[in-house]
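Q: Please find one structure pasted underneath; my questions will follow.
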Amino acid sequence: MDKFFAKPLFLGKKVIFLTQCHSTNDELSSLIKKESVPEGTVIYTDHQFRGRGQRGDKWEDEPGKSILFSILLKPNALPVSSQYLLNLITGLAVLNTLKEKTTVSLKLKWPNDIYLNNKKIAGVLIENNVKGGKIEFSVVGIGLNLNQKIIKVHQATSLLFETGVFSNRDDFLENLLISMEYWYLKLTHGRYPEIREAYHYLLLWKDEVHIFRDAHSVFKGVIKGIDEYGGLIIEKEDERLTYGTKEIQFVS
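Put into structure tokens, the structure is as follows:
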């Protein structure tokens, strides 16, 4: 079933709704291989059998209770070395949409999770297709716990669980696309410092002492931000270390 959202300028003008699917990212990637797909196309579902997160994690959902969708972007002018900015703007878009619904603390956990009240409420999975040294297209997948009453996963939550207020999924998704459009336009106009500054302001555990685990040890450190390639900078005693997405774990 196809529909569209009226309020955004160009995102979500084509929306393909599936009652269920393996993964919206996989469905959109498969569609792109078959036909010409306009930027801003959204695949949206009630339930994913094989929803995926970063590091090969599985994204669990309760049918009909979550925001589960993927959107096609074509950030062709974005340098491949700066593709991490897509994670930043997507996280900012999700967080800003949630801010309209709650005053509870919202933070962005590096590299791609959104935390509400110190618990995960949403995750992002971005798959970039690079051709000729440029980003040909990006499939941006978002999973967000919206109307679940019972949360079975440790350190996870939903908007309903935290606020007690039921949300209309279509309305929430439309507002999220408006927010995504706002940040995407900043990206396409090269306003990278503004994006990085906004992200740093909302970065979970920034300038706080916490415990981390890397390949060598468990240690106390302080997150200082991200570098120009999206790596996480942690200050450990008298040195600063930079980590990629699979090189560091948040302990406590």
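Note that this note's numbering has the sequence shown beginning at 679, numbered continuously upward. Glycine included, each C-beta is placed from N, C-alpha and C at the ideal position. All figures in this text were calculated on a predicted structure; none of them were measured in a lab.
1) Check V818 in the structure and name its three-state DSSP category.
2) So who's on the other strand from Y793, going by DSSP bridges?
3) Between T775 and T841, which are expected to be in contact by the criterion C-beta below 8 Å, what is the C-beta distance as a whole number of angstroms?
4) Hey, quick one: how far does the alpha helix (DSSP H) through R847 stretch, first residue to last?
5) In the DSSP output, what is L746 paired with across the bridge?
6) Do you know whose CA, among S748, D848 and D724, lies nearest E740's CA?
7) Taking the alpha helix (DSSP H) that E875 belongs to, which residues open and close that run?
8) Could you check if L822 is buried or exposed, using at least 16 other CB atoms within 10 Å of its CB as the buried criterion?
9) Return yes when the Cβ of F695 is within less than 8 Å of the Cβ of G718, no when it is not.
10) Compare the C-beta of D724 with all C-beta atoms of chain B and state if any pair is closer than 8 Å.
11) Just how far apart, CA to CA, sit N754 and L880?
12) With distances taken from CA atoms, which of L756, P686 and L855 is nearest Y870?
13) For I935, collect the residues of the same chain with a Cβ closer than 8 Å to its Cβ; drop the 5 residues on either side in sequence, then sort them by chain order.
14) For H878 and E713, what's the separation of their Cα atoms in angstroms?
15) Does the structure place the stretch 746-753 close enough to the stretch 813-831 that three or more beta carbon pairs sit under 8 Å?
16) Using only the alpha-carbon positions, how far apart do F682 and L863 sit?
17) Based on the DSSP secondary-structure assignment, which residues constitute the bridge partners of L919?
18) Leaving out the 5 sequence neighbours to the left and right, which residues in its chain are closer than 8 Å to I873 when beta-carbon positions are compared?
19) State buried or exposed for G810, treating a residue as buried only when at least 16 other CB atoms are found within 10 Å of its CB.
20) Go to G769, then tell me how far its alpha helix (DSSP H) extends in each direction, as first and last residue.
21) How far does the alpha helix (DSSP H) with L689 in it reach, from first residue to last?
22) Taking its Cβ as the centre, do 16 or more other Cβ atoms sit within 10 Å of R733, making it buried, or is it exposed?
A: Put simply:
1) What you label residue 818 is simply residue 140 of the sequence shown in a count that begins at 1. Three-state result, V818: strand.
2) Locating residue 793 in the sequence shown gives position 115, counting from the first residue. Looking at the DSSP assignment, Y793 forms a beta bridge with K785 and K798.
3) One-based indexing of the sequence shown puts residue 775 at position 97. One-based indexing of the sequence shown puts residue 841 at position 163. Contact flag wrong, Cβ pair sits at about 14 Å.
4) Against the sequence shown, residue 847 aligns to sequence position 169. Per DSSP, R847 belongs to the alpha helix (DSSP H) from R847 to T866.
5) Taking the sequence shown and counting its residues from 1, one reaches residue 746 at position 68. Paired residues: T723 and G821.
6) Counting from one through the sequence shown, the residue named residue 740 turns up at place 62. Checked all of S748, D848 and D724; the closest Cα to E740 is D724.
7) Your numbering for residue 875 matches position 197 in the sequence shown. Y870 to Y879 is the extent of the alpha helix (DSSP H) around E875.
8) Along the sequence shown, read from residue 1 onward, the residue named residue 822 stands at position 144. Burial call: buried.
9) To locate residue 718, count along the sequence shown from 1; it is residue 40. To locate residue 695, count along the sequence shown from 1; it is residue 17. No, Cβ-Cβ distance for G718 and F695 is not below 8 Å.
10) In the structure shown, chain B cannot be found, because there is only a single protein chain.
11) For the purposes of this step, residue 754 is identified with residue 76 of the sequence shown, where counting begins at 1. For the purposes of this step, residue 880 is identified with residue 202 of the sequence shown, where counting begins at 1. C-alpha separation (whole angstroms): 27 Å.
12) The residue labelled residue 870 in the question sits at position 192 within the sequence shown. With distances taken between Cα atoms, Y870 lies closest to L756.
13) Beyond the ends of the chain as shown, which are 679 and 930, falls residue 935; an answer cannot be given.
14) To locate residue 878, count along the sequence shown from 1; it is residue 200. To locate residue 713, count along the sequence shown from 1; it is residue 35. H878 and E713 have their C-alpha atoms spaced approximately 38 Å apart.
15) Contact holds: three or more Cβ-Cβ distances are below 8 Å.
16) Taking the first residue of the sequence shown as 1, we reach residue 682 at position 4. Taking the first residue of the sequence shown as 1, we reach residue 863 at position 185. Whole-angstrom Cα-Cα distance: 20 Å.
17) Within the sequence shown, residue 919 is the residue found at index 241, counting from 1. In the DSSP output, where bridge partners are listed per residue, L919 has I912.
18) Counting from one through the sequence shown, the residue named residue 873 turns up at place 195. Taken in chain order, the residues that qualify are L763, L766, I767, L770, W861, K864 and L865.
19) As a working note, residue 810 is residue 132 in the sequence shown. Exposed.
20) Locating residue 769 in the sequence shown gives position 91, counting from the first residue. From DSSP, the alpha helix (DSSP H) with G769 extends over Y762 to K777.
21) Start at 1 with the first residue of the sequence shown, and residue 689 comes out as number 11. Unbroken run through L689: none, as it is neither H nor E.
22) By 1-based counting over the sequence shown, the position of residue 733 is 55. At R733, the pLDDT of 48 sits below 50, so the modelled position is not reliable; the number obtained from the coordinates is stated separately. The residue is exposed, with fewer than 16 neighbouring Cβ atoms inside 10 Å.
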